[in-house]
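In our numbering, the protein residues as written are 105 to 425.
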Amino acid sequence: MKKLITRFAGLMCVSAAMLSSCTQMFSGPTAAQMKPSYLAMETNSGRILFSQNPNERRPIGMLTNIATALVALDWANARNVSMETELTVPAQACQWPDTNLLHLRPGDRISLRDALHSAIMWDDSACATTLAYACGSTLSSIDPEGAFVAQMNQMAATIGMNATRFKGSNGAVISMASTRDLALMGMYAIEKPAFKAISSKRNHTATVRSGYGQLRQVQIINSNRLLAYDNVDGVRAARSKSAGCCLIATSTRNSVKMTDPRTGQPATYAQRLLVVVAGMPDSDSRYKTATGLLRDSWKPWEEWQKANDFADHSKFIILPH
Numbered sequence: 105m106k107k108l109i110t111r112f113a114g115l116m117c118v119s120a121a122m123l124s125s126c127t128q129m130f131s132g133p134t135a136a137q138m139k140p141s142y143l144a145m146e147t148n149s150g151r152i153l154f155s156q157n158p159n160e161r162r163p164i165g166m167l168t169n170i171a172t173a174l175v176a177l178d179w180a181n182a183r184n185v186s187m188e189t190e191l192t193v194p195a196q197a198c199q200w201p202d203t204n205l206l207h208l209r210p211g212d213r214i215s216l217r218d219a220l221h222s223a224i225m226w227d228d229s230a231c232a233t234t235l236a237y238a239c240g241s242t243l244s245s246i247d248p249e250g251a252f253v254a255q256m257n258q259m260a261a262t263i264g265m266n267a268t269r270f271k272g273s274n275g276a277v278i279s280m281a282s283t284r285d286l287a288l289m290g291m292y293a294i295e296k297p298a299f300k301a302i303s304s305k306r307n308h309t310a311t312v313r314s315g316y317g318q319l320r321q322v323q324i325i326n327s328n329r330l331l332a333y334d335n336v337d338g339v340r341a342a343r344s345k346s347a348g349c350c351l352i353a354t355s356t357r358n359s360v361k362m363t364d365p366r367t368g369q370p371a372t373y374a375q376r377l378l379v380v381v382a383g384m385p386d387s388d389s390r391y392k393t394a395t396g397l398l399r400d401s402w403k404p405w406e407e408w409q410k411a412n413d414f415a416d417h418s419k420f421i422i423l424p425h
């Protein structure tokens, strides 16, 4: 089914059991100083159903890893890089011990597949940085990280994340975005089959090869507790000191038939809710808010379906083709 895209004008992180450390200076407000924000929308129409502070720029913590994984996946696809390709862990990836969840050491090797799983499924800064250096080194031998982050920001601009600025390739470096922008990133991510497949997994076993050739395996448990809830199939839960507890999640229902308001002809539409919750003080409030949005958003969506009211452009989000 061809995705229905509507014009948009104006309106518009259980995590790992530790908070991510951050070495970058940050002079802006922390999660504790900012009011939480959230947004719920139906992605196939772009219809916003509930929102609070959707345009306020805020730290996004380990949700940054979503963008890292997306750029890495695009790089692998463009260059026909196998998911079994082994990446070498750079020294820079090990500078945040609290979020080096696979306990990687410089010179270790990990497959592209396993690095993506760890970066997406839990708050792993080391695997995200390893991905960035592997990809970025094909763009710049002098500054692989910088070249990779530039690609992250280019992707953000391309899909309309106008309030976003990525400062690093992982969530231990503080980047800023709005909840609206996170919704766009979530929409973009869930349309990538490889990303969706990883983010919907409950667990995964990663293999790490040491510099001496020894192998060890680590079980990765997805930090997104909502995967047990009513057809939720992604995207990511995250937590950090700067951003608080955040979450992007999507849930589906069966397709419906309705009249296309642009043509007056019958059409079949998929139904997918996406919710973003940012800056929550703890995991319980994050999941309580998200489950409430997933539960309550279908009713206003059904009411809008009957009305087919496209007049208020502030109630839609664009995801450019």
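Glycine residues also receive a C-beta, built at the ideal position from the N, C-alpha and C atoms.
What residue ranges within the segment 266-315 form continuous alpha helix (DSSP H) runs of no fewer than 4 residues, ordered along the chain?
283-294 and 297-303
Spatial neighbours of A144 within its chain, please: CB distance less than 6 Å, with the 5 preceding and 5 following residues excluded, ordered by chain position.
L153, F154, V379, L397 and S401
Output the distance between the C-alpha atoms of A382 and H308, rounded to the nearest integer angstrom.
26 Å
Have a look at T466 and K410 and give me their C-alpha separation to the nearest angstrom.
Given that the chain is displayed from residue 105 to residue 425, the structure contains no residue 466 and the question cannot be resolved.
On the three-pair Cβ rule with 8 Å, is the segment 294-306 touching the segment 257-269?
No, the segment 294-306 does not touch the segment 257-269.
In whole angstroms, what is the alpha-carbon distance linking D388 and Q369?
If I take the Cα positions, the gap works out to 45 Å.
How about L216 and T189: do their beta carbons lie closer than 7 Å?
yes
Express the C-alpha separation of I224 and I170 in angstroms, rounding to a whole number.
6 Å
Could you give the distance in angstroms between the alpha-carbon of P163 and the alpha-carbon of I278?
6 Å
Is the distance from the Cβ of W200 to the Cβ of A267 below 7 Å?
Going by C-beta atoms, W200 is not nearer than 7 Å to A267.
Is R183 a contact residue of the ligand MG, with contact defined as CB to any heavy atom under 6 Å?
The ligand MG is absent from the structure shown, which contains no ligand whatsoever.
Is M384 helix, strand or coil when you go by DSSP?
strand
With contact counted as at least three CB pairs below 8 Å, one residue from each stretch, are the segment 173-184 and the segment 241-260 in contact?
They touch, by the three-pair rule.
Inspect the beta-carbon positions of R161 and S273 and report whether they are closer than 7 Å.
Cβ atoms of R161 and S273: not closer than 7 Å.
Measuring only the C-alpha atoms, how far is E407 from Q156?
21 Å
Helix, strand or coil: which one does DSSP assign to I246?
Here I246 sits in coil by DSSP.
Proximity below 7 Å, CB of R357 to CB of Q375
yes
Measure the beta-carbon distance from A310 to I325 and round it to whole angstroms, keeping in mind my assumption that it falls under 8 Å.
Rounded, the Cβ-Cβ distance is 11 Å, inconsistent with contact.
Give me the Cβ distance between T234 and L191, rounded to the nearest whole Å; I'm assuming they're in contact under 8 Å.
5 Å
Selection from I352, A238 and G338 that minimises the alpha carbon distance to P194:
A238
Excluding the five sequence neighbours on either side, which residues of its own chain have a C-beta within less than 8 Å of the C-beta of K305, listed in chain order?
H221, M225 and N326
Is E190 helix, strand or coil when you go by DSSP?
strand
Determine which residues share a DSSP beta bridge with A219 and list them.
For A219, which the question treats as bridged, DSSP gives no partner whatsoever.
What are the boundary residues of the alpha helix (DSSP H) that includes E406?
W402 to A411
Put N358 into one of helix, strand or coil per three-state DSSP.
strand
Would DSSP call A347 helix, strand or coil?
coil
Could you check if T242 is buried or exposed, using at least 16 other CB atoms within 10 Å of its CB as the buried criterion?
exposed
Taking the continuous alpha helix (DSSP H) assigned at I170, which residues delimit it?
T168 to A182
Please report how far the alpha carbon of Y333 lies from the alpha carbon of A232, in whole angstroms.
27 Å
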